[in-house]
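S.K.: Pasting a structure below so you can have a look.
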Amino acid sequence: MHEKLNMQKRVERLPSEIINILMTVGRHSRHLNCKAYLVGGSVRDILIDNRVKDLDITVVGDAIRLANVIWGDSRSIRVYPGFGTATVELHEGFRVDLATARKEFYPRPAVLPRVQFSDIYDDLYRRDFTINAMAMGLSPGDYGEILDYFGGLEDLKHGVLRLIHDKSFIDDPSRIFRCIRFQHRYRFRIDTRTKNLMIQSIKGGFPLLLSRERVAREINLLFSETGPRHSVEELVVLDLWELLFPGADISVTTYEKMERVSCNASGQPLYVALALLEDIDHAGLREMLAVYSKKALQLKKLRKREEGIGKFVRERVLDNYSLYTLFWGVDDEVLDYLKLVETSVCYKKNIQRYLTRVKRFPVYITGNHLNKMGIPPGQIYKYLLDNAKREIYNREIRDMNGQIQVLLKLVNKGGL
Ligand code: ATP
Numbered sequence: 038m039h040e041k042l043n044m045q046k047r048v049e050r051l052p053s054e055i056i057n058i059l060m061t062v063g064r065h066s067r068h069l070n071c072k073a074y075l076v077g078g079s080v081r082d083i084l085i086d087n088r089v090k091d092l093d094i095t096v097v098g099d100a101i102r103l104a105n106v107i108w109g110d111s112r113s114i115r116v117y118p119g120f121g122t123a124t125v126e127l128h129e130g131f132r133v134d135l136a137t138a139r140k141e142f143y144p145r146p147a148v149l150p151r152v153q154f155s156d157i158y159d160d161l162y163r164r165d166f167t168i169n170a171m172a173m174g175l176s177p178g179d180y181g182e183i184l185d186y187f188g189g190l191e192d193l194k195h196g197v198l199r200l201i202h203d204k205s206f207i208d209d210p211s212r213i214f215r216c217i218r219f220q221h222r223y224r225f226r227i228d229t230r231t232k233n234l235m236i237q238s239i240k241g242g243f244p245l246l247l248s249r250e251r252v253a254r255e256i257n258l259l260f261s262e263t264g265p266r267h268s269v270e271e272l273v274v275l276d277l278w279e280l281l282f283p284g285a286d287i288s289v290t291t292y293e294k295m296e297r298v299s300c301n302a303s304g305q306p307l308y309v310a311l312a313l314l315e316d317i318d319h320a321g322l323r324e325m326l327a328v329y330s331k332k333a334l335q336l337k338k339l340r341k342r343e344e345g346i347g348k349f350v351r352e353r354v355l356d357n358y359s360l361y362t363l364f365w366g367v368d369d370e371v372l373d374y375l376k377l378v379e380t381s382v383c384y385k386k387n388i389q390r391y392l393t394r395v396k397r398f399p400v401y402i403t404g405n406h407l408n409k410m411g412i413p414p415g416q417i418y419k420y421l422l423d424n425a426k427r428e429i430y431n432r433e434i435r436d437m438n439g440q441i442q443v444l445l446k447l448v449n450k451g452g453l
């Protein structure tokens, strides 16, 4: 009864849109003669007054029917009859997931579980940590009441991450990544037994049984969270990094870079990936971070150009044309990464100057102009255009006529 009151107070503090959803689900569950619960991370986040990012609702009964009764007219409802689940995207990024309560069996480690519809206890038992395995009643009669079979409230109070059952990291080793993620996000401590089970799963090589997509997804989530450097360090300490990427040692410099790119912005996962990929030449790591390969390649080429033309990029502010030859074709996100990772004030100024004075500077001259001037196509085109651009960028000649005059002057001079 006491917890019920507590939770109701907290629920009242939620945005009215969320309260409306919870009450609507509860009301309709009664009409359909089923029970609905808010579950998992949503309950955890309400209990610690964190922003609720989405709503997970478990229905003891037919979740799809309940979703259809409430949101059947919505264009964003998706139902998955084979899984007994429905998803509604209410506005940009805010989702409500409804699922029929289920029990899970893992026929083999690290594969997707077999599922059987069941009651709320089994639905909570299949979850990872006690703090993620609580439910809050939504149906009239138990609205706001917490179901806490595994001591989640105590663990939440004391900041502890504890597994619900001992086989958990073997059934699904992706929970190891989740554990590290929550540890750093909430600054929680991993309970000793849970830590030992984690080490056993890693020693047994179970994480290797996960598909590459699942590991990539978990790693990406780790990179998106608070303090990615510490999470990666934890993977190293636990020997999970070595298990996944044998020989891909992380240097002090790379750790420092990861520290510098911690900014909690949407670009953070890319920045962490670039910090690793630019310092570590490891096929497995590249494959795991394949979504970032285009930008990693841009960075690699830029670093090569730096060795030649831009060697002064850290010592002086370069002229516009040098900035153009150095940074042209590099995406803004890669430049943002460099702004974070580079310690030289000059380097940052050069990027800023490139972005404000060079990147959008209009250059009109092309090979067509040379053609019209009667110059036969050949290597000389590049030479003439490059030289013309140097003058155009550095003297900031914006109008097309002025630019053509520069080209003409070079042609008349014999390209000298
Ligand atoms: P986040 O705040 O990062 O979204 P979350 O806990 O809400 O974290 P979700 O991935 O949205 O994570 O999962 C919702 C709930 O589903 C979790 O709180 C947990 O109860 C359960 N869950 C998710 N993934 C697993 C898993 N691999 N093993 C067991 N339970 C899981």
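For the sequence shown, the numbering used here begins at 38 and goes up steadily by one.
A virtual CB, placed ideally from N, CA and C, is assigned to each residue, including glycine.
Using only CA atoms, which one of Y308, L149, M44 and K332 lies nearest to G174?
M.R.: The shortest C-alpha separation from G174 is found at M44.
S.K.: Buried or exposed for M437, please, with buried defined as at least 16 other CB atoms from any protein chain shown within 10 angstroms of its CB.
M.R.: The residue in question, M437, is exposed, as its Cβ has fewer than 16 Cβ neighbours within 10 Å.
S.K.: Check whether the Cβ atoms of D373 and G284 lie closer than 9 angstroms to each other.
M.R.: The answer is no: Cβ separation not under 9 angstroms.
S.K.: Could you tell me the boundaries of the alpha helix (DSSP H) in which T362 lies?
M.R.: N357 to F364 is the extent of the alpha helix (DSSP H) around T362.
S.K.: According to the neighbour-count rule (16 or more other Cβ atoms, all chains shown, within 10 Å of its Cβ), is A302 buried or exposed?
M.R.: Flag for A302 reads exposed.
S.K.: To the nearest whole angstrom, what separates the beta carbons of L193 and I168, a pair I think is in contact under 8 angstroms?
M.R.: Confirmed, Cβ separation roughly 5 angstroms.
S.K.: So for G404, helix, strand or coil by DSSP?
M.R.: Looking at G404 - three-state DSSP - the assignment turns out to be helix.
S.K.: For I317, which three-state DSSP category applies?
M.R.: Coil at I317, not helix or strand.
S.K.: Count Cβ pairs between the stretch 286-298 and the stretch 362-369 that sit closer than 8 angstroms; are there 3 or more?
M.R.: Contact between the stretch 286-298 and the stretch 362-369 is absent, because fewer than three Cβ pairs lie under 8 angstroms.
S.K.: With burial defined as no fewer than 16 other Cβ atoms inside 10 Å of the residue's Cβ, what is the status of V269: buried or exposed?
M.R.: Buried: at least 16 other Cβ atoms inside 10 Å.
S.K.: Quickly, what does DSSP pair G189 with across the bridge? List them, please.
M.R.: Answer by DSSP bridge pairing: none, since G189 is not bridged.
S.K.: Does the beta-carbon of N169, which I'm using as the reference point, lie nearer than 8 angstroms to any heavy atom of ligand 1?
M.R.: Result yes, Cβ under 8 angstroms from ligand 1.
S.K.: If I measure Cβ to Cβ from I402 and keep anything under 7 angstroms in the same chain, skipping five residues before and after, which residues do I get?
M.R.: Closer than 7 angstroms at the Cβ level, and outside the excluded window around I402, lie L422, A425, Q440, I441 and L444.
S.K.: Should K426 be listed as close to ligand 1, given that the test is whether its C-beta is under 8 angstroms from any heavy atom?
M.R.: Because no heavy atom of ligand 1 lies under 8 angstroms away, the Cβ of K426 does not count as near it: no.
S.K.: Along the chain, where does the alpha helix (DSSP H) that runs through M437 open and close?
M.R.: Residues M437 to N449.
S.K.: Using 8 angstroms for Cβ pairs, my map puts I114 next to W108. What's the rounded Cβ distance?
M.R.: Indeed, because the Cβ distance is near 5 angstroms, the residues count as touching under 8 angstroms.
S.K.: Going by DSSP, name the residue or residues bridged to L92.
M.R.: Its beta-bridge partners are V133.
S.K.: Count the other CB atoms within 10 Å of the CB of Q237; is the residue buried (16 or more) or exposed (fewer)?
M.R.: Exposed: under 16 other Cβ atoms inside 10 Å.
S.K.: Can you check whether the CB of G188 is closer than 9 angstroms to the CB of Y223?
M.R.: No, they are not a contact pair.
S.K.: Please report the straight-line C-alpha distance between F398 and E433, rounded to a whole angstrom.
M.R.: So the two alpha carbons sit approximately 8 angstroms from each other.
S.K.: With DSSP as the reference, label Y486 as helix, strand or coil.
M.R.: Only positions 38 to 453 of the chain appear in the structure, and residue 486 is not among them; the question remains open.
S.K.: Within the same chain, show all residues whose beta-carbon is closer than 8 angstroms to that of R427, passing over the 5 residues directly before and after it, in chain order.
M.R.: Excluding sequence neighbours, R427 sits near Y358.
S.K.: In the DSSP assignment, find the alpha helix (DSSP H) that holds Y117 and state where it starts and stops.
M.R.: Run containing Y117: none in the alpha helix (DSSP H); it sits in the beta strand (DSSP E), I114 to Y117.
S.K.: Distance check for D93 and Q333, CA to CA, integer angstroms please.
M.R.: Note that residue 333 corresponds to Ala in the displayed sequence, not to Gln. Roughly 36 angstroms separates the two Cα atoms.
S.K.: According to DSSP, which residues form a beta bridge with Y74?
M.R.: Y74 is bridged to T95 and G174.
S.K.: Nearest-angstrom Cα distance between L42 and V89?
M.R.: The predicted position of L42 is uncertain, since its pLDDT is 47 and thus under 50; no value can be drawn from it.
S.K.: State yes or no: is the C-beta of D203 nearer than 8 angstroms to some heavy atom of ligand 1?
M.R.: No, the beta carbon of D203 sits no closer than 8 angstroms to any heavy atom of ligand 1.
S.K.: To the nearest whole angstrom, what separates the beta carbons of R132 and T122, a pair I think is in contact under 8 angstroms?
M.R.: Not really, about 12 angstroms apart at Cβ, beyond 8 angstroms.
S.K.: From the DSSP output, in three-state form, read off L127 for me.
M.R.: Strand, per DSSP.
S.K.: Go to V382, then tell me how far its beta strand (DSSP E) extends in each direction, as first and last residue.
M.R.: No beta strand (DSSP E) holds V382; the alpha helix (DSSP H) holding it covers V382 to R390.
S.K.: Measure the alpha-carbon distance for I56 versus A136 and round it to whole angstroms.
M.R.: Computed Cα separation, rounded: 19 angstroms.
S.K.: Between D316 and T291, is the Cβ-Cβ spacing less than 9 angstroms?
M.R.: Going by C-beta atoms, D316 is nearer than 9 angstroms to T291.
S.K.: Check this for me: beta carbons of Y74 and V96, under 9 angstroms apart or not?
M.R.: It is a contact, given that the beta carbons lie within the stated cut-off.
S.K.: Tell me which residues share the same chain as Q220 and place their Cβ nearer than 7 angstroms to its Cβ, disregarding the 5 neighbours each side in the sequence.
M.R.: Excluding residues within five positions, the ones whose Cβ falls inside 7 angstroms are L198 and I227.
S.K.: Using CA coordinates, which residue listed in R340, K419, Y384 and Y430 is at the minimum distance from K396?
M.R.: Out of R340, K419, Y384 and Y430, Y430 has the C-alpha closest to the C-alpha of K396.
S.K.: Kindly indicate which three-state DSSP category F282 falls into: helix, strand or coil?
M.R.: Three-state DSSP puts F282 in coil, outside helix and strand.
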